[in-house]
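Read in order, the letters of the sequence shown are residues 80 to 444 in this note's numbering.
The structure under discussion appears below in the form of C-alpha cells.
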Amino acid sequence: MAEMRVLHHFEGGVVQPFEVGEGEITFDLRGENGILCVMLENAPDELFVKILTSARNRKMLLGQGLIASADERYRDQRPFPMQEEDGDAMAGVVAGMGNRFYLSTRYLYGVKRLAALCRRVVGPDIKMRWLRKMGRTVPVFEVGTDDGKKTVHYFIAGEDAWETTGSITADGMLRLIASHGTPICEMLDSMVIRVVPLLSPYSACLANPSYTTLDGKAVWATATWADDVPPPEISLVCEEIVKTVQEKRLGLMLNIHSWQGQNPNSMLEAIKTASNGAELDKPRAEWAAMALHTLIRDVPKGRAELAGKTWHPGVARDYMLGKHNAITFRLEVTTVGQGRDNFYETARALLTNMAKVADWSPVCG
Ligand SMILES: [Zn+2]
C-alpha cells in the first residue's frame, strides 16, 4: 500500500510537525499554536495516532477526543477518545474512517460550511447581507423584516477563531428556522433575528488561533470591543449592535463561543458589573438572572450564571454594559461527550427559550 500522506486541509491547513510510522502517526502540537487540522491519504484502517501536546490541550483532548471526518461536508464527523501516555504524549486509535479523512483537534466548520448553509437557508424567510469595511466583510443572515421598531436579537459565533462548535450551533439555528422547526417561526412578525455564524471568515480557520489584523498580526479580537480601532469584523457588528441599543430595541445579544473540552458544561453567562464600575440595579439583575434561567433550559449540559465581572476587560458583555448600559450574554459550548446532534439541540433550546422571555426591555435599561 502507498505510504500515508499528510495533506493541507485547504480550509484549515494547520499542519504541525509529524512523523509517519508503520500504522501510526505522531503529531507535535507543542508549538505556540496547538491546533491540528489535516487531511490524511492512504491511511490504514486502524490508525494509531500519537499527539505531543501542552497541558492545556491535553485536558481538551481528553475531554473531547480527536475529531475525524471522511465526508467532504463534514456531516459524519465524530470524536475518537485519547488516553494519556508518558510525558507530553497522548494516544488514540482512529478506525472505520476509510483511507482518506480529515483529522482535527476541533470540530470542523469553515467557509465551506458557511457556503452550504447559504445555499440551504437563504430564501423568503432568511435574507443574506454583508457588512463591509476596509476590505473585509461579515456575512449576516437576517430573519424577519426590519421595520425600524421591532426587537432585534443577535447570535454571533466565531468571535474566537477555531471555536467552531459555536458556529455549528449558530448554523443549526438557521437550519431550524428555515425548516420552520421552531416555535419562534410563529413570532417572526414581531422580531428580527440576525445570525452571524462566522464572524471572521478571514481568521476562522487559519494557522493562527486568533484573528489577524489587516497587516497580518495576530490579535485576541474578543477583547477589542472597547478598542479605538478593533479589527474590522468586530467593529462592524459592534456598530450595528450599538445602534440597536440606541434605538432601545436590543433583545438577546448572544456571543456563542466554545471552550471545547476544557469544561464539561455549556455555560451561559451575563455580568452584573462592568470593569469601569457600571452596575446593574436590582430589578435588572433579577431580570438577567431570570433570563439566564429561562434560556438555559434543555440546553444539553447547560449551566447559567449571573457573574460579577468578566475575567477580561474589553470583551463584548463588559463593553456593552460599561459603555452602553446594555445586558448581553455569552455561551461557551462544551465538546465533552457531545457532537453535532447536541450542538443542534443547543440551537433548538435557545430559540425555543428566547420565545419564552416576554419582555426584553430591561436589556437597554
Ligand atoms: Zn472564546
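All C-beta atoms in this analysis are idealised placements derived from N, C-alpha and C, irrespective of residue type, glycine included.
Being a predicted model, the structure only gives us computed values, none of them experimental.
Query                                                                                                                                                                : Result
Can you tell me the Cα-Cα spacing of L315 and R382, whole angstroms?                                                                                                 : 30 Å
Which residues does DSSP list as the beta-bridge partners of W209?                                                                                                   : P218
Under 6 Å from any heavy atom of ligand 2, does the C-beta of E242 make it?                                                                                          : Questions concerning ligand 2 fall outside what the structure shown contains, since the ligands it does hold are ligand 1.
Can you name, in chain order, every residue of its own chain whose Cβ lies under 6 Å from the Cβ of L182, other than the five neighbours on each side?               : V117, L119, A147
If we call anything under 7 Å between Cβ atoms a contact, is D239 one with T301?                                                                                     : yes
So, under 8 Å CB-CB, V222 and D250 are touching, yes? Tell me the CB distance rounded to an integer number of Å.                                                     : Rounded, the Cβ-Cβ distance is 14 Å, inconsistent with contact.
Give a yes or no on whether the C-beta atoms belonging to L210 and S246 are separated by under 7 Å.                                                                  : no
Taking only the alpha-carbon atoms, compute the straight-line gap between D306 and G393 and give it to the nearest angstrom.                                         : 7 Å
Per DSSP, G100 is paired with what?                                                                                                                                  : E103
Which runs of the beta strand (DSSP E), 3 residues or longer, sit entirely within the segment 377-434?                                                               : 381-386, 408-413
Please report the Cβ distance between A395 and N334, rounded to the nearest whole angstrom; I am assuming they are in contact, meaning their Cβ atoms lie under 8 Å. : 5 Å
Measuring alpha carbon to alpha carbon, tell me which residue in L187, A134, F180 is nearest E164.                                                                   : A134
At a cut-off of 6 Å, is H336 close to ligand 1 when judged by its beta-carbon and the heavy atoms of the ligand?                                                     : yes
Among the candidates T303, P441, A437, whose CA atom is the shortest distance from the CA of I263?                                                                   : A437
Can you round the beta-carbon distance between P280 and L193 to whole angstroms, since I take them to be within the 8 Å contact cut?                                 : 7 Å
How is C116 classed by DSSP in three states: helix, strand or coil?                                                                                                  : strand
Fully enclosed by the segment 268-336, which beta strand (DSSP E) runs are 3 residues long or longer?                                                                : 270-275
So for A249, helix, strand or coil by DSSP?                                                                                                                          : helix
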